[in-house]
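Those protein sequences? They're chains F and R, same order as listed.
Heads up, the first sequence is in this note's numbering, so the first residue is 1 and it goes up one at a time.
Heads up, the second sequence is in this note's numbering, so the first residue is 1 and it goes up one at a time.
Where a beta carbon is used, it is the ideal one built from N, C-alpha and C, also for glycine.
Input: a single structure, listed below in C-alpha cells.
There are 2 protein chains.
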Amino acid sequence: MAESDPQPPSKGERTKERIVAAALELFRAHGYEATTMRMVAEAAGVSLGNAYYYFENKDLLLAAFYREVHEAHVAEARPLLGKQRTLHGRLLAVLQSKLVVIEPYHRFSALMFRSAADPESPLNPFHPAGADIAREGEALFADALAGSSTKVPKDLAAELPSLLWTYSMGIVLYWIHDRSPGHQKTHALVERSVELVASSIKLASNPLLRPFRRKVIELVRDLRLPSPG
Amino acid sequence: MAESDPQPPSKGERTKERIVAAALELFRAHGYEATTMRMVAEAAGVSLGNAYYYFENKDLLLAAFYREVHEAHVAEARPLLGKQRTLHGRLLAVLQSKLVVIEPYHRFSALMFRSAADPESPLNPFHPAGADIAREGEALFADALAGSSTKVPKDLAAELPSLLWTYSMGIVLYWIHDRSPGHQKTHALVERSVELVASSIKLASNPLLRPFRRKVIELVRDLRLPSPG
DNA sequence: GACAGTTCTTGAACATGTTCAAGTTCTGTC
DNA sequence: GACAGAACTTGAACATGTTCAAGAACTGTC
C-alpha cells in the first residue's frame, strides 16, 4: 500500500489529491450531507465539472473518507495487538479501537453503512472499490487470531476472519442506532459479546460439538458470496 | 389493522389513498428510483406540492410499499404455518415465504434496507413509522415458535422472536447481494441455516450449555435498543 | 347564510447531484 | 518545434427531491 512510488505524482494525481483533501476537510467540518460538490470544487480550486472528472460521484469521496477512517483504525489497533496475547484481549483491542476511531463520525458512519449495504454502490464489499477495505478488515482479524494463545482448529481458522469481520459490522450497525450517552450500550455490547465470541471459539474445539461446527463451517465456506478479483 | 372504520374516508384520506395507489403502481412498473414525484403526482391527478402535503418525502412512499410487501408476506406465511409443527419446518415456512414474496423486488429491497439502516430515516425499526412492521415481523416469529412442537426454555422464548427477526434481516441482506441465478445461494442459506438455528435452539436446553445460554440471553435482554412507544 | 378558521391545493422557485459539449493544456513523436 | 492524440478543465444545462407563499375549498358557529 504505502511503498514509495517511484514516479513523482502527475499533475492529475495532485489535482485529485487536492480534491480529496478539500472534501475530507469539509466533511469533517460540516458533515457529508451538508457538503456540496460545489463547495468541494471551490475549496479545491477546481471547477465543478472537474471534480466529477476525478470522482464519478459523491459516494466515491465518501469512500475516500472511509478509507482514511479505516487506516486510522488499523494504525490504532496494531500497537494494541502487540500487548495482548489472549484471543479475548485481542478481539477486544480490535473492536474497542474501532469504536474509538469512529466515535467522531457517528452520522458519517450511518451514511457509510447505508451505501455499503447497497449492491449498486461502489462502497459495498463486493464492489472493487469497497472490497479492499473489507479484505483489510478481515486481515486485521486474521492477525488478531493468528497471534493469540488460543489454538483454533484449522478449518475454523480459515473462515473466522470473515466471520469476525461480519460480526464487527454488526457491532457498527448497533452503534449507529445506539443513542445511549457516550454510546455506552455499544461498549457494553462489545465487552460482553467478545467474551461470548471468544468462548464460542473455544467451545468449537470441543469434540462433542464437532458435527455442529462442521456444519457451520461448511455452510460458510459453500455460501460465501463471490467478491471481485 | 383492517377493522371496518366507522367513519367513511374523508376527502383528504381518499386523496392520500390515490397517491399511494399511483405510487405503488409506478414503483412496480418502473422501480422506485425511476419513479419521480412528478410522475406520482400526475398519475394521482394532483399537483406536485399536494403529493408532498400527504407524504413529507419520497421515502414515506417507499414505506407504504414496504408495508404492502410485508402484509403479503404475512398472508403467505400464516397458512403455511398451519401445516408445520416442527420448529424447523415453521421457521422454514416463514423464511421461504419471505423470499417468495420479495422475489420481484430485488432492487427495491436493497433501497428498503438502505433506508432501514439509517437512523434518520422513517423506515428504520426504531422510528415510529418503521417500528410497527418490525414488531409485526417479530410477532410472526413468535407464532412460529409458539405453535411448534419444540419446547423452548422460557427465558429464551422471550428473546427469540426479536433474535429471529434480526436473523431474517441478515438473510435479506445476503439475498440483496446474492447474484446467483434464481438466488439459489440464498435459498441454500435459508435451508441450511434454519437447520442450524433450530438445532442451536434445541442445544440451548442442554444443561451443559446453561451458563452460556444465560449469558447470551442476559446480553440480549440488557442491551436491546429502545424502540418508540 | 356570513364569517373565521382549518384543511387542502397549486405551481413556481430552489438546491444540488450529475452530465456534456466544447475548449485548453500536456505529452510524446517525427 | 510542429503535430496528433491524450489528459485535463470549464461552465452551462438538466433532472429531480423539496420548500413555500399564496389561494381555494371545506367545516363548524352564530
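With a 10 Å radius around the Cβ and a threshold of 16 neighbouring Cβ atoms, R90/F comes out buried.
Among the residues facing chain F, P228/R is not included, as its CB has no counterpart in that chain under 8 angstroms away.
Per DSSP, L208/R is not a residue of any alpha helix (DSSP H), being assigned neither H nor E.
At the C-beta level, A204/F and R213/F come within 8 angstroms of one another.
Residue-level contact by beta carbon fails for F27/R and chain F, as no gap is shorter than 8 angstroms. Boundaries of the alpha helix (DSSP H) harbouring E76/R: 58-82, taken from the DSSP string. Here F55/F carries a coil assignment [DSSP, helix/strand/coil].
For V190/R, the uninterrupted alpha helix (DSSP H) run begins and ends at 184-203, by DSSP. Spatial neighbours of E159/R in its own chain (CB-CB distance under 8 angstroms, excluding positions within 5 residues in sequence) are listed in chain order as I217, V220, R221. Distance from the CA of A72/F to the CA of L99/F, rounded to the nearest whole angstrom, comes to 11 angstroms.
Within the segment 83-118 of chain F, the runs of alpha helix (DSSP H) that reach at least 4 residues and sit entirely inside it are, in chain order, 87-102, 106-116. Leaving aside the five residues that flank Q96/F on each side, the residues in its chain whose CB is nearer than 7 angstroms to its CB run, in chain order, V190. For L62/R, the CB contacts under 7 angstroms within the same chain, skipping 5 residues up- and downstream, are Y32, L111, M112, S115, L123 in chain order. Restricted to the segment 114-159 of chain R, the alpha helix (DSSP H) segments that are unbroken, complete and at least 4 residues in length are 128-146, listed in chain order. Three or more Cβ pairs drawn from the segment 136-148 of chain F and the segment 75-95 of chain F lie within less than 8 angstroms of each other, which places the two stretches in contact.
Annotation for L24/F: the continuous alpha helix (DSSP H) segment containing it runs 11-30.
Look at R38/F here: in three-state DSSP terms it is helix. Neighbours of I176/F in chain R, taken as residues at a C-beta separation under 9 angstroms, are given in chain order as A117, D118, P119. Within the segment 143-155 of chain F, no residue has a Cβ lying closer than 7 angstroms to any Cβ of chain R. Look at P161/R here: in three-state DSSP terms it is helix. Residues of the segment 193-208 of chain F with a Cβ closer than 9 angstroms to any Cβ of chain R, in chain order: S193, E195, L196, S199, S200, L203, L208. Our two residues, F126/R and P228/R, have alpha carbons roughly 6 angstroms apart in a direct line.
The alpha carbon of E103/F has as its nearest neighbour, out of A134/F, P128/F, R179/F, the alpha carbon of R179/F. Here DSSP, grouped into helix, strand and coil, assigns G170/F to helix. Around A110/F, the beta-carbon contacts reaching into chain R at under 8 angstroms are A117, D118, P119, E120. Against chain R, the beta carbon of A188/F has neighbours under 9 angstroms at L219, D222, L223, listed in chain order. For D143/F, same chain residues with a beta-carbon under 7 angstroms away, outside a window of 5 residues either side, are L81 in chain order. Around the C-beta of H30/R, fewer than 16 other C-beta atoms lie within 10 Å, and the residue is accordingly described as exposed.
DSSP places E33/R in the coil class of the three-state scheme, outside both helix and strand. Among the residues of chain F, those whose CB is under 7 angstroms from the CB of K215/R are L196, following chain order. In chain order, A117 make up the part of chain R whose C-beta sits under 9 angstroms from the C-beta of L173/F.
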